[in-house]
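J.: In order, the protein sequence lines correspond to chains A and B.
Heads up: the first sequence is residues 1 to 546, going by UniProt numbering.
Heads up: the second sequence is residues 1 to 245, going by UniProt numbering.
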Amino acid sequence: MPFFKSPSAAALGWGSGAAGFVILLLLPLSFLLYRMIQPAGENWAHIQEYLLLGYTIDTLTLAVIVGILSIALGTTLAWLVSAYSFPFRNTLKWALLMPLAIPPYIGGYAYHGMVNYTGFVQRTLRNTFDIEVSQRYFDIMNIPGAVFIFTIFLYPYVYAITRAFFARQATTLIENARVLGSGPVRTFFRIVLPVSRAAIVGGVTLVMLEVLNDYGLVSYFGVQTFSTAIFQTWYALDDLDSAIRLAGILMGLVLVFLVLEKVFRGRRQYSYSSAKVSPLKPRELEGWKKWSTLGFCGTVLLLGFILPMVQLLYWGMLTYEAVFSAQFVSLVRNSTLASGISSLLVVVFAVIVANFTRIVPGWLSTITARFTVLGYSIPGAVIAVGVLSFFIYIEQRLQFFYAFSGISSGLVLSTSLVMLIFAYVIRFMAVGYNSIESGFEKVGRRYSEASRTLGMGWLQTFFKVDLPMIRAAVFSGFILVFVDILKELPLTLILRPFNFETLATTAYRYASDERIQETAVPSLAIILVSGAAMYIFHIFIEKEPN
Amino acid sequence: MHVQISGLEFSYRKASGTVIQNFNLHMKEGEIVSILGESGSGKSTVLRLIAGLENPSKGKIQVGSDTYVNGQNSRMLPVEKRGLGMVFQDYALFPHMTVGANILYGLKKWKGPKRKARLQEMLTLVNMTEYKKRYPHELSGGQQQRVALARALAPEPALLLLDEPFSNLDAHLKQQIRDELREMIKYAGATTIFVTHDREDARVLSDRVIFLDKGKVQKAGRSGDLLQESLYASERERELTLLMD
Ligand SMILES: Nc1ncnc2c1ncn2[C@@H]1O[C@H](COP(=O)(O)OP(=O)(O)O)[C@@H](O)[C@H]1O
Ligand SMILES: [Mg+2]
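And the structure:
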């Protein structure tokens, strides 16, 4: 183990930075565990007896059905645009990613607005066709409705990962199957799906983690998941102990999903590292096949992006005068500030940890890397409760010091932005880390070694050689984290300082107040930034030779 | 600078076995020694140990009056304090810096006018004066190699280490560059260790050759004698060649 064999200055330097970060990250989570073994609060017995089963069933139903449907939709679309040629295929290739720019809760607002009694769907039926429909068929504020919303806005995770896999890895096998006379349907089910299993499982895990993380949509639709339950016990019952217990159980569910992911992923036995993999040559579709394929992809795009966007834009035109005001400027400023500071911290920590794992390979850095990306699989409500109870605990211990130094007589940290930023960093660290780690991977160690032999110390080497060489990765990590934080809801709602409103919380607040049209402007601002970032990355990735 | 390496031993991971075993080398000032061995025999590892990019489990390395490392538990001299020049197999020219900036990189302790003069001197030595403002990706393989050499020689290193400097070059370029390289090194007067898997490279470039096989020194001697004696890798290869003649 190189780390214990007389560590170099570089290893010690990066190592202590990485260790500091990992400890900071683990503190609130271990605190959650510690609190869970304390005696339960007054409401726990009631929750356990009457509510827990319902939460579990609803949460699992949502996650599992959305997962299955996302696999079906995502892989089908990926296969169609990879293996066949039809009109608008090149546009659809990236356009089918766009639903990801719309966070499910915003999609939920838009759809509810479209299909309720006063929405344009029923109005059109009434006014143009004179059809009065039963409200039963148009109520989407329930589990099936939530399943639809999650699927149509989250399937791109499966689509993107699977399509990338088809493009890079599966070509030879698919071409072989074709040569052996296997028809398209058979090829898809017998070759493509089994071969892409690891990619599909990776994508669907992201989808299910998003479902478990969601608070905005399920609370608006009135679905009782663990996330909504944690909020209710904390806000309505003011029972942090029970909220912590619920968070612990939700975390257990997540762990089950992660273990299942490992099992289903299997060994990566189909990975080809051979250098020259040509992309799959698409087959020209003819006649009705051509038009029905286009129709299918077009319908998904219509449902997942165009319709909700048209709805939001229409609302935006109705309400922008009322919404655009000095207050809106402060929303944008708050959102940018919180996302900006947090993204900056994320990339700084990510660079430190990634550099450590690069310089000191071995089990120690494997563990460090694992912990670093842990936060992304933990639902926002769980992190929120962990961070909150941790900060309250710390500040109770600090009261003596506050009084003594005359800083304040109450809570300082837990009423400031510090707590929220801390939680953002934990939750979105993985996004920045993955980007920066792949940057380091491309660069390798050779350049820093060259710099060291030329007489530069490890820190100078880092600033003169490493950092300039990975700046694209740092930049893209920053943007990805920024966008994710901009959309974030559960952490923001629980941990924000009093009266601190962001674009996301404002959209949420308007929706809860049934001022649904006014959600449009803040929502569009979020979608615009996410969409722009996604489009830029698409161009980046398509142009990159590898 | 006088070089003394004795009893060097090293493994990347304990489980995967020893990569270098009892490696010894003594060099006079200004001598060019090549280490000849097949791919995977541990040549690059020897250079990495000397440069301080890896830490030996046993052995001593001394260059001039500096002890780089002495046994497992001594503090080893950090890479950047060793004052070595190293040319990497893939050159590792900093892609975000011009040729000039690359060469100046190791001269951070030099004063203004001396620094400029040294850059000019190096550019002239490797015949790259017009390319000062170019970026590495705008150069041919042979030009990149010359810049890498200039960068390594600029700080007047105590010892120059070359790791298969021809492996990225076309065969026809190689012959010409090989002769030039020897001249440049001799002109700079640098004590040099040169690693290769090509006998002909070793013969042309070096004063002395060491054969490395599976991390062990097999033979050593003056390059002419040794290469005469074992021009053919094996008895069988020798027979085949004789038959064909
Ligand atoms: N970073 C590393 N980790 C583990 N093993 C390595 C590493 N680098 C090289 N090796 C192993 O050490 C042996 C010697 O490698 P190397 O010194 O690169 O040989 P050469 O330069 O002669 O081709 C090889 O068996 C190689 O697989
Ligand atoms: Mg080598």
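Don't be surprised by glycine CBs; every beta carbon is placed ideally from N, CA and C.
Within the same chain, show all residues whose beta-carbon is closer than 6 angstroms to that of Ala247/A, passing over the 5 residues directly before and after it, in chain order.
T.: Around Ala247/A: Ile230, Val382, Val385.
J.: Where Ser335/A and Leu491/A are concerned, what is the direct C-alpha to C-alpha distance, given to the nearest angstrom?
T.: The alpha-carbon atoms of Ser335/A and Leu491/A are separated by roughly 13 angstroms.
J.: From Gly13/A to Ser377/A, what does the alpha carbon distance come to, in whole angstroms?
T.: Those two C-alpha atoms are separated by around 29 angstroms.
J.: Compute every distance between the C-beta of Ser70/A and the non-hydrogen atoms of ligand 2, then say whether any falls below 8 angstroms.
T.: Not under cutoff, so the answer is no.
J.: Smallest Cα separation from Glu180/B: which of Glu121/B, Gln120/B, Val126/B?
T.: It is Val126/B.
J.: Counting beta carbon pairs with one atom in the region 14-33 of chain A and one in the region 201-216 of chain A, are three or more of them shorter than 8 angstroms?
T.: Short answer: they don't touch.
J.: Secondary structure at Asp66/B, three-state DSSP: helix, strand or coil?
T.: Three-state DSSP puts Asp66/B in a strand.
J.: Taking DSSP as the reference, what is the three-state secondary structure of His26/B?
T.: Residue state, collapsed to three classes: strand.
J.: Could you tell me the distance, in whole angstroms, from the CA atom of Leu417/A to the CA atom of Tyr447/A?
T.: C-alpha separation (whole angstroms): 39 angstroms.
J.: Could you work out which residues of chain A lie near Met1/B, taking near to mean beta carbons separated by less than 9 angstroms?
T.: Within 9 angstroms Cβ-Cβ: nothing; Met1/B doesn't reach chain A, min ~15 angstroms.
J.: Could you list which residues in chain A have their beta carbon closer than 7 angstroms to that of Asp90/B, in chain order?
T.: Arg446, listed in chain order.
J.: Can you check which of these residues, Ile143/A, Met429/A, Ala243/A, is closest to Leu52/A by C-alpha distance?
T.: Closest option to Leu52/A, Cα to Cα, is Ala243/A.
J.: Compute every distance between the C-beta of Val195/B and the non-hydrogen atoms of ligand 2, then say whether any falls below 8 angstroms.
T.: Yes - ligand 2 has a heavy atom lying nearer than 8 angstroms to the Cβ of Val195/B.
J.: For the alpha helix (DSSP H) that Met456/A lies in, which residues bound it at each end?
T.: It is not in any alpha helix (DSSP H) - Met456/A carries neither H nor E in the DSSP assignment.
J.: Go ahead and label Ile68/A buried or exposed: buried means 16 or more other beta carbons lie within 10 angstroms of its beta carbon, across all protein chains shown.
T.: The residue is exposed, with fewer than 16 neighbouring Cβ atoms inside 10 Å.
J.: Could you check the C-alpha separation between Lys81/B and Ala92/B for me, to the nearest Å?
T.: Each residue's Cα considered, the two are about 20 angstroms apart.
J.: Measuring straight from C-alpha to C-alpha, what distance separates Val323/A and Gly531/A?
T.: One C-alpha to the other measures close to 22 angstroms.
J.: Under 8 angstroms: does the beta carbon of Ser44/B sit that close to some heavy atom of ligand 2?
T.: Flag set: Cβ of Ser44/B near ligand 2.
J.: What three-state label does DSSP hand Ser85/A in the structure shown?
T.: In this structure, Ser85/A counts as strand in the three-state DSSP scheme.
J.: Among the residues of its own chain, which have a CB less than 7 angstroms from the CB of Ala18/A, if the five just before and after it don't count?
T.: Within the same chain, Ala18/A has close Cβ partners Ile352, Val353, Phe356, Thr368.
J.: Could you check whether the Cβ of Val195/B sits closer than 9 angstroms to any Cβ belonging to chain A?
T.: No, its Cβ sits nowhere closer than 9 angstroms to a Cβ of chain A.
J.: Determine whether the beta carbon atoms of Ile65/A and Tyr111/A lie at a separation below 9 angstroms.
T.: No, these two residues do not count as a Cβ contact at 9 angstroms.
J.: If distances are taken between C-alpha atoms only, which option among Glu518/A, Ile421/A, Val360/A, Leu413/A comes closest to Tyr314/A?
T.: Nearest C-alpha to Tyr314/A: Glu518/A.
J.: Apart from the five residues just before and just after Ala51/B, which ones in its own chain have a Cβ nearer than 8 angstroms to its Cβ?
T.: Result list for Ala51/B: Val79, Arg82, Leu84, Met86, Leu161, in chain order.
J.: Would you be able to state if there are at least three C-beta pairs under 8 angstroms between the region 182-191 of chain A and the region 100-110 of chain A?
T.: Contact fails: fewer than three Cβ-Cβ distances are below 8 angstroms.
J.: For the region 62-77 of chain B against the region 465-476 of chain A, are there 3 or more C-beta pairs whose distance is under 8 angstroms?
T.: The answer is no - the region 465-476 of chain A does not touch the region 62-77 of chain B, with fewer than three Cβ pairs under 8 angstroms.
J.: What residues from the region 451-472 of chain A come within 9 angstroms of chain B, judged by C-beta to C-beta, listed N to C?
T.: Going along the region 451-472 of chain A in chain order, one finds Ser451, Arg452, Thr453, Leu454, Gly455, Met456, Gly457, Trp458, Gln460, Thr461, Lys464, Val465, Pro468, Met469, Arg471 with a Cβ nearer than 9 angstroms to chain B.
J.: Within 10 angstroms of its Cβ, does Glu488/A collect 16 or more other Cβ (buried), or is it exposed?
T.: Burial call: buried.
J.: For Lys176/B, count neighbouring Cβ atoms within 10 angstroms of its own Cβ and tell me buried if that reaches 16, exposed if not.
T.: Here residue 176/B is Gln; the residue named in the question, Lys, does not match the sequence. The residue is exposed, with fewer than 16 neighbouring Cβ atoms inside 10 Å.
J.: By the criterion of Cβ-Cβ separation under 7 angstroms, what are the contact partners of Ser335/A in chain B?
T.: Near Ser335/A there are no residues of chain B at all, since even the closest Cβ is about 33 angstroms away, more than 7 angstroms.
J.: Residues of the region 7-19 of chain A with a CB closer than 8 angstroms to any CB of chain B: list them in chain order, please.
T.: Answer set for the region 7-19 of chain A: Ser8, Ala9.
J.: Using the rule of at least 16 other Cβ atoms within 10 Å of the residue's Cβ for burial, across every protein chain shown, is Tyr157/A buried or exposed?
T.: Per the 10 Å Cβ criterion, buried.
J.: Cβ of Glu80/B less than 9 angstroms from any chain A Cβ?
T.: Yes, because at least one Cβ of chain A sits closer than 9 angstroms to the Cβ of Glu80/B.
J.: Which of helix, strand or coil does DSSP assign to Val3/B?
T.: Strand at Val3/B.
J.: Could you tell me the distance, in whole angstroms, from the CA atom of Tyr117/A to the CA atom of Glu441/A?
T.: Rounded to whole angstroms, Tyr117/A to Glu441/A spans 54 angstroms at the Cα level.
J.: Which runs of the alpha helix (DSSP H), 4 residues or longer, sit entirely within the region 122-206 of chain B?
T.: Correct list: 141-153, 171-188, 199-205.
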